[in-house]
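Student: Chains as they are written, first to last, in this note's numbering: chain A, 208 to 434; chain B, 6 to 224.
Structure below; questions to follow.
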Amino acid sequence: MRNFFRVAFLVVRKDMMVEARSLEVLSTTLFFALTVVLVFAFGLVREGRPVDDVAAAILWIATAFSGTLALGRTFERERQADTLRALLLAPADRPAIYAGKLAGMLLLMGLVELVLVPLVGLLFQAPIFNYPWTLVALLVTGTTGFAAVGTLFAAMLVRARSRDVMLPILLYPITVPVMIAGVRGTAAIFQSTPDEPLARFWVALLVFFDVVFVTLALWTFEPVMTE
Amino acid sequence: MSRLNQIELALAGLMLAAAPWVINAAPYESTMGLVQKIFYFHMPSAWLFLIAAIVSGVASAIFLFGKKKNADGWALAAAELAVVFGIITLVTGPLWARKAWGIWWVWDARLTSSLILWMIFVAYLLLRRYGGPGSDKLGAGMALFGLANVPFIFVSVNVWRTLHPQTSVVPTLPVQMGGPLWFCVFAFLLLFLALLSMRARLERHRMRIEDLYLAEDEA
């Protein structure tokens with residue numbers, strides 16, 4: 208068990224070190240998230256005011272889109288240098304490698320959300336400090352669910368043809384519950400008369416989703432990554 | 006085509022040919038009238054859509070964890086049938102809704118979850134078709150995740166909104182309506198079984214030919 212966490216930690220440290228030196232994924236993802244927010248603003252702002260309830264939707268769509276971009280780039284880097292093969296050849300548990308990759312992805316998406324949330328709050332007048340902890344819980348559980356499925360699929364697709372197209376095609380239908388729960392939960396605390404119990408229900412659903420899909424992914428990672 | 010498949014197909018063909026008369030003989034539903042009759046095709050295909058999805062997910066799990074190569078053929082065959090029966094369900098549903106609710110589509114729990122499940126299996130087929138080598142394992146992962154997702158989709162969409170008639174009406178149907186319904190269910194089921202086993206066998210043969218080619222290349 209200690210070995211599992213050690214391997215996962217080493218994978219995270221390696222990914223973070225590579226990222227800290229180039230900042231490639233973080234900077235492009237962050238800028239892409241900004242672009243998404245802007246594009247949606249052009250579609251959804253009328254006469255200088257946003258349409259009702261739009262902040263939550265934009266926040267989660269920007270998270271999902273930029274997350275997809277980050278997932279693709281992280282594994283593309285591993286593929287170009289053929290380092291994923293080296294990683295898989297290492298005498299370490301495959302699930303531990305997956306856990307490390309997932310943790311790295313969560314750190315990255317967390318950093319992006321740190322910028323994204325205040326930005327959406329500012330631009331769309333969303334009361335992000337109404338229920339800060341509920342919002343954090345929604346973001347953490349929602350991002351975990353999205354990244355848990357995304358990391359597995361992105362890793363599986365490394366060897367596949369047309370992987371750039373396949374990742375969103377496979378990922379979005381599976382993560383529909385995350386999007387619904389994230390958007391509805393966030394909208395519940397952003398609306399003019401906040402409904403916190405409803406937001407809590409969605410957090411509970413997301414926790415359940417995370418537990419099931421992280422377990423399934425840890426379980427499936429080994430057979431799907433074996434050639 | 007095996008003897009059993011021939012019998013299944015012939016019987017399904019006969020039953021489906023007779024279905025218009027059987028359905029016509031059923032009494033009119035008091036509030037919806039003629040439109041309600043689409044239900045005799047809508048519900049059997051919706052059931053088989055779900056059954057096909059379950060078969061595909063379970064076969065994928067067997068392929069992935071049990072290392073049974075044949076299971077992959079069953080998973081692919083079931084996924085294709087899930088898409089076909091899904092299309093029938095998703096086309097007949099809105100046709101009825103246009104008359105009964107006045108609009109083609111509502112974002113109701115059942116409609117939305119059927120659409121998402123259908124999209125998962127379309128994505129599966131796209132992956133199998135364009136994913137290149139190794140896409141069988143990736144597909145198995147996708148089908149497995151898709152099946153595990155069903156309860157989550159259902160709960161989340163259910164809280165989101167609901168309008169679809171409850172399935173609990175089925176056992177309470179009068180005999181004159183229940184008879185034609187079960188007739189159609191049985192006909193669709195025969196068709197489904199025949200197509201499933203034929204497609205799975207085709208896939209088995211294809212895999213064997215591929216193995217033979219590989220062996221030939223190595224020799």
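Virtual Cβ for every residue (Gly too), placed ideally from N, Cα, C.
Being a predicted model, the structure only gives us computed values, none of them experimental.
Can you give the Cα-Cα distance for residue 421 of chain A and residue 150 of chain B, rounded to whole angstroms?
Tutor: Looking up residue 421 of chain A in the first sequence gives position 214. Looking up residue 150 of chain B in the second sequence gives position 145. Between residue 421 of chain A and residue 150 of chain B, the C-alpha separation is close to 11 Å.
Student: For residue 374 of chain A and residue 276 of chain A, I'd like the C-alpha separation in whole angstroms.
Tutor: Taking the first sequence and counting its residues from 1, one reaches residue 374 of chain A at position 167. Taking the first sequence and counting its residues from 1, one reaches residue 276 of chain A at position 69. Near 9 Å, if we compare the C-alpha coordinates of residue 276 of chain A and residue 374 of chain A.
Student: In or out: residue 126 of chain B buried (at least 16 other Cβ within 10 Å) or exposed?
Tutor: The residue labelled residue 126 of chain B in the question sits at position 121 within the second sequence. Counting Cβ neighbours within 10 Å, residue 126 of chain B comes out buried, since at least 16 surround it.
Student: If contact means a Cβ-Cβ distance below 7 Å, which residues of the region 375-390 of chain A contact chain B?
Tutor: Within the region 375-390 of chain A, the residues whose Cβ lies closer than 7 Å to some Cβ of chain B are 376, 377, 380, 381, 383, 384, 387, 388, listed in chain order.
Student: Is residue 147 of chain B close to chain A, meaning its C-beta is less than 9 Å from at least one C-beta of that chain?
Tutor: The residue you call residue 147 of chain B lines up with position 142 of the second sequence. Residue 147 of chain B counts as touching chain A.
Student: Entirely within the region 259-286 of chain A and at least 4 residues each: give me those alpha helix (DSSP H) ranges in chain order.
Tutor: Correct list: empty.
Student: Residues of chain C with a CB under 7 Å from the CB of residue 427 of chain A: which are they?
Tutor: Among the protein chains of the structure shown, namely A and B, there is no chain C.
Student: Suppose you measure from the CA of residue 73 of chain B to the CA of residue 67 of chain B; what does that come to, to the nearest Å?
Tutor: Looking up residue 73 of chain B in the second sequence gives position 68. Looking up residue 67 of chain B in the second sequence gives position 62. Rounded to the nearest angstrom, the two C-alpha atoms are 7 Å apart.
Student: So residue 135 of chain B contacts chain A; which residues on that side make the cut at Cβ distance below 9 Å?
Tutor: For the purposes of this step, residue 135 of chain B is identified with residue 130 of the second sequence, where counting begins at 1. Per Cβ cutoff of 9 Å: 367, 368, 369, 372, 373.
Student: From residue 214 of chain A to residue 334 of chain A, what does the alpha carbon distance come to, in whole angstroms?
Tutor: Translated into positions along the first sequence, residue 214 of chain A becomes position 7. Translated into positions along the first sequence, residue 334 of chain A becomes position 127. Distance between the alpha carbons of residue 214 of chain A and residue 334 of chain A: 40 Å.
Student: Return helix, strand or coil for residue 252 of chain A, following the three-state DSSP convention.
Tutor: Along the first sequence, one-based indexing puts residue 252 of chain A at 45. Reduced to three states, the DSSP call for residue 252 of chain A is strand.
Student: Could you compute how far the alpha carbon of residue 218 of chain B sits from the alpha carbon of residue 211 of chain B?
Tutor: Indexing the second sequence from 1 puts residue 218 of chain B at position 213. Indexing the second sequence from 1 puts residue 211 of chain B at position 206. Each residue's alpha carbon lies about 11 Å from the other.
Student: Does the region 394-402 of chain A come close enough to the region 258-276 of chain A to have 3 or more Cβ pairs within less than 8 Å?
Tutor: Yes, the region 394-402 of chain A touches the region 258-276 of chain A.
Student: How do the region 135-143 of chain B and the region 360-376 of chain A stand: do at least 3 beta-carbon pairs fall below 8 Å, yes or no?
Tutor: Flag = yes, the region 135-143 of chain B and the region 360-376 of chain A touch.
Student: Check the DSSP bridge columns for residue 257 of chain A and list the partner residues they point to.
Tutor: Against the first sequence, residue 257 of chain A aligns to sequence position 50. A/252.
Student: Using only alpha-carbon positions, find the residue among A/393, A/361, A/413, A/414 that is nearest to residue 291 of chain A.
Tutor: Numbered from its first residue, the first sequence carries residue 291 of chain A at position 84. Residue 291 of chain A has its Cα closest to that of A/361, out of A/393, A/361, A/413, A/414.
Student: Determine the closest residue to residue 299 of chain A out of A/405, A/217, A/426, A/383, with distance taken between C-alpha atoms.
Tutor: By one-based count along the first sequence, residue 299 of chain A stands at place 92. Taking only the C-alpha atoms, the option nearest residue 299 of chain A is A/217.
Student: Closest Cβ-Cβ distance between residue 162 of chain B and chain A: below 9 Å?
Tutor: Your numbering for residue 162 of chain B matches position 157 in the second sequence. Yes, contact with chain A.
Student: Report yes if the CB atom of residue 324 of chain A is closer than 9 Å to the CB atom of residue 245 of chain A, and no otherwise.
Tutor: Mapped onto the first sequence, residue 324 of chain A falls at position 117. Mapped onto the first sequence, residue 245 of chain A falls at position 38. No.
Student: In whole angstroms, give me the CA-to-CA distance for residue 392 of chain A and residue 419 of chain A.
Tutor: Your numbering for residue 392 of chain A matches position 185 in the first sequence. Your numbering for residue 419 of chain A matches position 212 in the first sequence. Their Cα atoms are separated by approximately 20 Å.
Student: Could you tell me which of B/221, B/224, B/209 sits nearest to residue 82 of chain B, measuring between CA atoms?
Tutor: The residue you call residue 82 of chain B lines up with position 77 of the second sequence. When each option's Cα is compared against that of residue 82 of chain B, the closest is B/209.
Student: Can you check which of these residues, B/15, B/13, B/43, is closest to residue 27 of chain B by C-alpha distance?
Tutor: For this step, residue 27 of chain B is matched to residue 22 along the second sequence. Out of B/15, B/13, B/43, B/43 has the C-alpha closest to the C-alpha of residue 27 of chain B.
Student: Shorter than 9 Å from the beta carbon of residue 154 of chain B to some beta carbon of chain A?
Tutor: Indexing the second sequence from 1 puts residue 154 of chain B at position 149. Yes, residue 154 of chain B lies at the interface with chain A (some Cβ there is under 9 Å from its Cβ).
Student: Between the C-alpha atoms of residue 317 of chain A and residue 297 of chain A, what's the straight-line distance to the nearest angstrom?
Tutor: Along the first sequence, one-based indexing puts residue 317 of chain A at 110. Along the first sequence, one-based indexing puts residue 297 of chain A at 90. Going from the Cα of residue 317 of chain A to the Cα of residue 297 of chain A covers about 28 Å.
Student: Taking any Cβ of chain B, which residues in the region 321-334 of chain A have a Cβ under 9 Å from it, in chain order?
Tutor: Against chain B - using a Cβ distance shorter than 9 Å - the region 321-334 of chain A contributes no residues.
Student: Using a C-beta to C-beta distance shorter than 7 Å, which residues of chain A count as neighbours of residue 139 of chain B?
Tutor: If you number the second sequence from 1, residue 139 of chain B lands on position 134. Those are 366, 367, listed as they occur along chain A.
Student: Quick check: is the beta carbon of residue 294 of chain A nearer than 9 Å to any beta carbon in chain B?
Tutor: Counting from one through the first sequence, the residue named residue 294 of chain A turns up at place 87. Answer no: the Cβ-Cβ gap between residue 294 of chain A and chain B never drops below 9 Å.
Student: Under 8 Å Cβ-Cβ, which residues of chain B neighbour residue 363 of chain A?
Tutor: Locating residue 363 of chain A in the first sequence gives position 156, counting from the first residue. What residue 363 of chain A touches in chain B: 142, 143, 146.
Student: Starting from residue 419 of chain A, find everything on chain B with Cβ-Cβ shorter than 7 Å and list it in chain order.
Tutor: One-based indexing of the first sequence puts residue 419 of chain A at position 212. What residue 419 of chain A touches in chain B: 153.
Student: For the 8 Å Cβ check, are there 3 or more pairs between the region 143-160 of chain B and the region 96-110 of chain B?
Tutor: Output reads no: the region 96-110 of chain B does not touch the region 143-160 of chain B.
Student: Strictly under 9 Å for the Cβ-Cβ distance: is residue 59 of chain B near chain A by that measure?
Tutor: Locating residue 59 of chain B in the second sequence gives position 54, counting from the first residue. By this cut-off, residue 59 of chain B is not an interface position.
Student: From the DSSP output, in three-state form, read off residue 241 of chain B for me.
Tutor: The structure shown does not extend to residue 241 of chain B, since chain B spans only 6 to 224, so no value can be given for it.
Student: In whole angstroms, what separates the C-alpha of residue 223 of chain A from that of residue 242 of chain A?
Tutor: If you number the first sequence from 1, residue 223 of chain A lands on position 16. If you number the first sequence from 1, residue 242 of chain A lands on position 35. Taking the straight line joining both Cα atoms gives about 24 Å.
Student: Can you give me the Cβ contacts of residue 77 of chain B inside the same chain, cut-off strictly under 6 Å, excluding the 5 residues immediately before and after it?
Tutor: For the purposes of this step, residue 77 of chain B is taken as the residue at position 72 of the second sequence. For residue 77 of chain B, where only same-chain residues beyond five positions count, the Cβ hits under 6 Å are 68, 141.
Student: Please list the terminal residues of the continuous alpha helix (DSSP H) segment that includes residue 412 of chain A.
Tutor: Within the first sequence, numbered from 1, the residue matching residue 412 of chain A stands at position 205. Its alpha helix (DSSP H) spans residues 403-432.
Student: Taking all protein chains shown into account, decide if residue 381 of chain A is buried (16 or more other Cβ within 10 angstroms of its Cβ) or exposed.
Tutor: On the first sequence, position 174 is the one that residue 381 of chain A refers to. Counting Cβ neighbours within 10 Å, residue 381 of chain A comes out buried, since at least 16 surround it.
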